[in-house]
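The sequence shown begins at 1 in full-length UniProt numbering and counts up one residue at a time.
Worksheet for the structure shown next.
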Amino acid sequence: MGTSTPSIAAEERAKRQKWIDFARGSIGLEGFKITPEHEARAERFVNGDMDLQEFVGARTRKSIAPKP
1 MGTSTPSIAA
11 EERAKRQKWI
21 DFARGSIGLE
31 GFKITPEHEA
41 RAERFVNGDM
51 DLQEFVGART
61 RKSIAPKP
């Protein structure tokens with residue numbers, strides 16, 4: 001069995017999680033919710049699978065959907 005090495009330091013991961021949590025709350029206060037596709041992208045960003053430029057650069061109008 002192999003062990004996986006985190007792609008980013010725990011401190012960086014915590015910082016990214018804080019940013020995503022803040023953004024999610026802000027979006028929710030505006031009456032929107034993040035699509036499942038973008039929730040998955042946010043998780044990849046937090047885990048270090050993509051950098052900020054990749055994460056932000058892929059924004060589209062479909063990234064935020066009105067709450068039902």
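Note that CB positions come from ideal geometry on N, CA and C, so glycine has one too.
- If the five residues before and after serine 26 are omitted, its C-beta is found closer than 6 Å to no C-beta atom of its own chain.
- According to DSSP, residue pairing for lysine 18 in a beta bridge does not occur.
- Annotation: isoleucine 8 is outside any beta strand (DSSP E) and is labelled neither H nor E by DSSP.
- Remark: C-beta atoms of isoleucine 20 and valine 46 approach each other more closely than 7 Å.
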